[in-house]
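Each residue of the sequence shown is one higher than the one before, starting from 1 at the first, in full-length UniProt numbering. Quick notes on the structure that follows.
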Amino acid sequence: MESMETNALQVLGLDDNMRMVTKNVYSSLPDPPVSLHAPLAFAAAAWPPRDGVDRISALPVDILRDILSRLPVRDAARTSALSTRWRRLWRSAPLVLADAHLKHTGRAPGPDELDRTGGLLLRAMDGMRDVARMVSSALAAHPGPFRSVHITCTPMDAHRSELALWLQLLAARGVQELVFVNRASKFDTDVPFPATLFRCSSLTRLYIGFLRFPAVATVPRAASFPHLRELGLCSLIMGQRELAFLLDRCPVLENFEIVCHRELLRLRVASHSLRCVEVCMSIVEEITVEHAARLERLMFWETCGTGGVIDNVGGIIDMRTRVKIGHAPNLRVLGFLVPVMHELSIGNTDIRAGTKPTRRTMVQSVQMLGIQLKLFDNNQVRMLPSFLRCFPNVETLYIQSETTLSGNTTGKLNPKLLQETSPIECLQKHIKNVIMREFRMQRSELDFLKFIAERGQVLEKVVVVLTHTCSSSADRLRASLSTFMASTRLANEDCKLIVYESPFPIDATAWCFQGAFNMSKDPFDVSKCFKDGASCRAD
């Protein structure tokens with residue numbers, strides 16, 4: 001499936017960087033509420049009633065409208081030709097429109113043709129067909145309300161006049177869910193998004209991608225999104241002033257993600273409503289949590305800091321991002337922190353190697369912590385105990401084992417860096433589960449496992465996820481790991497070792513954007529995402 005997605009993106013004529021950004025952006029989007037692939041519908045059509053009676057048309061109008069709102073827009077509109085009973089039903093049902101469904105004119109795709117992001121492959125393969133005219137017709141023909149509109153396949157650079165008209169219609173018809181992603185072929189595409197967006201005050205969910213966000217000077221001062229609960233900003237040209245203005249105008253916002261931001265990012269979290277913040281694949285100077293009483297999840301993935309120099313293998317090192325955590329009494333999930341690159345501050349205290357823990361340097365509420373770590377890098381390992389001491393009540397610890405650009409991970413973990421540290425409260429008293437991802441069976445990784453197992457007094461489970469390149473020798477490595485753990489003096493003799501292969505086709509761990517918004521699930525557990533993306537999506 002990975003190669004199929006890559007080939008599909010190549011069809012669009014994208015270069016390597018743009019393919020990566022496009023894939024990440026589309027992976028972050030929520031699925032449309034309707035699908036072209038409906039196996040139950042096909043099964044029902046294969047068994048029509050024997051007496052030929054049309055019982056569906058006899059259903060109450062409200063039920064028929066609900067049925068129509070669950071069909072792709074092309075099929076829903078066509079029901080107007082069935083009979084006089086159906087003639088006006090589509091226009092009276094809330095509109096659900098996805099331009100990806102207008103592109104696809106053939107048979108409905110099978111499950112093996114749909115990728116885990118809800119149709120990226122399908123969109124890409126059909127991507128050469130311009131459906132702007134059909135989108136305009138559907139939006140103009142329907143009187144509203146608009147329940148959900150997903151425009152993700154239209155090159156807006158060629159349809160700027162339509163963009164303005166569509167925003168006017170969306171605002172006038174009370175759109176509730178809007179996913180608007182420009183189908184850009186070049187990373188430097190600059191398409192301004194009309195300030196009319198701020199007239200869509202009925203929005204509850206909004207995702208925008210590959211566009212220039214309206215300048216603050218063009219937006220009415222009183223503009224706001226009083227009902228918006230979920231917001232995704234994907235590869236936007238957007239300054240700090242615009243970002244701060246937008247967040248200030250979302251008084252009930254709960255879920256917020258930034259993906260592939262095209263400007264240097266400085267994010268200030270000061271909200272009474274936010275519960276989850278995701279920052280992914282962006283250059284971040286600073287993230288400051290000032291006052292966020294309801295914040296439960298603060299998550300980073302593949303973020304880069306500012307500054308840095310190029311090392312001898314072409315990688316960038318010595319980048320820095322300030323991460324400041326102030327008042328966040330309900331913060332439960334944090335990660336992935338990168339020691340050294342992430343300069344952590346708790347309250348007014350900068351956390352450094354050897355910082356002594358006090359009540360002012362601890363976030364007592366965090367129960368799940370993710371750390372991205374080069375275990376052969378002495379500077380990162382030296383910072384690890386200080387990071388762990390800041391979160392004394394962690395019960396689940398994720399370690400993402402990293403390598404260099406050249407793939408080198410053969411350095412040894414200096415045992416003195418960890419053995420000479422004073423006791424770490426969360427490790428001794430609270431951590432029950434340790435999950436090591438991208439495990440390559442290197443000496444430094446084994447030394448770290450030993451360090452954890454010999455000190456984890458309540459440790460119940462150690463999960464090792466072998467990286468993709470180790471899959472061919474998984475049985476041998478599993479046996480070696482079992483032997484290694486058996487020779488270790490476990491602090492808790494009942495601790496179990498679980499080893500399994502990475503479900504991903506390359507040496508990388510996926511990140512489930514939508515799954516993080518489901519507060520009932522472990523946001524770092526992506527073991528089912530590749531085979532079944534829907535299993536980790538928010539309800």
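No residue lacks a Cβ here, since even glycine has one placed at the ideal position from N, Cα and C. Quick caveat, the model's predicted, so the values are computed rather than measured.
Could you tell me which of the options sits nearest to residue i, measuring between CA atoms?
i, options, result
"Val135", "Ile151, Gly144, Asp377 and Phe193", "Ile151"
"Pro30", "Cys234, Asp62, Glu162 and Ala195", "Cys234"
"Arg19", "Ala222, Arg183, Trp166 and Val191", "Arg183"
"Val279", "Met383, Ala217, Arg294 and Cys260", "Cys260"
"Arg88", "Leu139, Leu68 and Val96", "Leu68"
"Leu169", "Pro194, Phe187, Cys153 and Lys186", "Pro194"
"Leu331", "Asp318, Arg322, Ser345 and Gln364", "Gln364"
"Asp66", "Leu264, Cys390, Arg147 and Asp494", "Arg147"
"Lys23", "Asn518, Tyr500 and Cys512", "Cys512"
"Leu71", "Thr469, Ile498, Ala93 and Arg322", "Ala93"
"Ser386", "Asp248, Ala353 and Phe376", "Ala353"
"residue 596", "Pro33, Phe524 and Met519", "Residue 596 lies beyond the residue range present for the chain, which begins at 1 and ends at 539; the question has no answer from this structure."
"Arg360", "Val434, Arg173, Arg389 and Val338", "Arg389"
"Val277", "Ala244, Gly232 and Cys304", "Gly232"
"Ala488", "Leu449, Ile258 and Pro60", "Before going further, note that residue 488 is Thr rather than Ala in the sequence given. Residue Leu449 is the option with its Cα nearest to Thr488."
"Val218", "Gly209, Leu203, Tyr207 and Thr196", "Position check: residue 218 holds Thr in this sequence, whereas Val was assumed. Per the Cα distances, Thr196."
"His142", "Val96, Tyr26, Lys356 and Arg133", "Val96"
"Val21", "Asp62, Val61, Thr189 and Gly174", "Thr189"
"Thr321", "Gly335, Leu344, Leu334 and Thr355", "Leu344"
"Tyr398", "Phe524, Leu375, Leu247 and His159", "Phe524"
"Phe484", "Asp447, Leu206 and Val61", "Asp447"
"Glu493", "Phe391, Lys461 and Ala479", "Lys461"
"Gly370", "Phe336, Val394 and Phe376", "Phe336"
"Lys356", "Arg382, Ser137 and Ser422", "Ser422"
"Ala138", "Leu165, Ala474 and Ala158", "Leu165"
What residues in its chain sit with their C-beta under 6 Å from that of residue i, if we drop five residues either side in the sequence?
i, result
"Ala292", "Val269, Ser271, Leu274 and Ala328"
"Met156", "Leu163, Asn182 and Val191"
"Asp16", "none"
"Ser35", "none"
"Arg266", "Gln240, Glu285 and Glu286"
"Val463", "Ile435 and Ile498"
"Pro99", "It is Asp, not Pro, that sits at residue 99 in the sequence shown. The residues are Val131, Val135, Ile151, Cys153 and Thr154."
"Cys304", "Ile283 and Met319"
"Val338", "Gln372"
"Glu290", "Ala270 and Gly326"
"Asn348", "none"
"Thr288", "Arg268 and Lys324"
Please look up how many angstroms separate the CB atoms of residue i and residue j, rounded, as I've assumed it's under 8 Å.
i, j, result
"Gln380", "Glu438", "About 15 Å separates the two Cβ atoms, so there is no contact after all."
"Lys432", "Leu459", "6 Å"
"Trp301", "Met281", "7 Å"
"Ala486", "Ala453", "No, Ala486 and Ala453 are not in contact; Cβ-Cβ is about 11 Å, not under 8 Å."
"Ala376", "Ser444", "This sequence places Phe at residue 376; Ala is not what is there. 5 Å between Cβ atoms; contact."
"Val175", "Leu203", "6 Å"
Got a sec? Which residues, its chain only, sit under 7 Å from residue i by beta carbon, not counting five neighbours each side?
i, result
"Arg74", "His101 and Leu102"
"Arg249", "Ala223, Ser224 and Phe225"
"Glu263", "Ile237, Met238 and Gly239"
"Leu9", "Below a pLDDT of 50, predicted positions are generally treated as unreliable, and Leu9, at 44, falls in that range; the measurement from the model is reported next regardless. Taken in chain order, the residues that qualify are Arg19, Thr22, Lys23 and Ala124."
"Leu40", "Note that Leu40 has pLDDT 43, beneath the 50 cutoff, so the model's placement of it is unreliable and no number is given."
Could you pull the start and end residues of the alpha helix (DSSP H) that residue i belongs to?
i, result
"Ala474", "Ala474 to Ala486"
"Ala140", "Ala132 to Ala141"
"Thr288", "Counting along the chain, Thr288 falls outside any alpha helix (DSSP H), though it belongs to the beta strand (DSSP E) covering Val284 to His291."
"Leu102", "Asp99 to Lys103"
"Ile431", "Element bounds for Ile431: n/a, residue is neither H nor E."
"Met299", "Met299 -> not in any alpha helix (DSSP H); beta strand (DSSP E) instead, spanning Arg297 to Trp301."
"Arg91", "Leu89 to Ser92"
"Ser28", "Asp16 to Ser28"
"Phe193", "Looking at the DSSP string, Phe193 is not in any alpha helix (DSSP H), and its letter there is neither H nor E."
"Lys450", "Arg443 to Arg455"
For residue i, which residues from the same chain have a beta carbon less than 8 Å from its beta carbon, with the 5 sequence-adjacent residues on both sides left out?
i, result
"Glu242", "Phe213, Pro214, Ala215 and Val216"
"Val252", "Pro226, His227, Leu228, Arg229 and Ser273"
"residue 544", "Because the chain here runs from 1 to 539, residue 544 falls outside it and cannot be looked at."
"Ile56", "Leu64 and Ile67"
"Leu477", "Met441, Leu466, Cys470 and Val499"
"Ile424", "Pro385, Leu388, Arg389 and Arg455"
"Ala76", "Leu68, Ser69, Trp90, Ala93 and Val96"
Output the boundary residues of the beta strand (DSSP E) element that contains residue i.
i, result
"Ala164", "Unbroken run through Ala164 is the alpha helix (DSSP H), Arg160 to Ala172; no beta strand (DSSP E)."
"Cys276", "Cys276 to Cys280"
"Phe336", "Val333 to Leu337"
"Leu71", "Element bounds for Leu71: n/a, residue is neither H nor E."
"residue 605", "The structure shown does not extend to residue 605, since the chain spans only 1 to 539, so no value can be given for it."
"Ala270", "Leu265 to Ala270"
"Glu177", "Glu177 to Val181"
"Ile498", "Lys496 to Glu501"
"Arg205", "Arg205 to Gly209"
- Query: Which residue spans inside the segment 356-403 form an unbroken beta strand (DSSP E) run of at least 3?
  - Reply: If we require 3 residues or more, the beta strand (DSSP E) runs fully inside the segment 356-403 come out as 368-373 and 396-401.
- Identify every run of the alpha helix (DSSP H) within the segment 211-255, keeping only runs that are complete inside it and at least 4 residues long; order them along the chain. Taken in chain order, the whole alpha helix (DSSP H) runs of length 4 or more contained in the segment 211-255 are 240-248.
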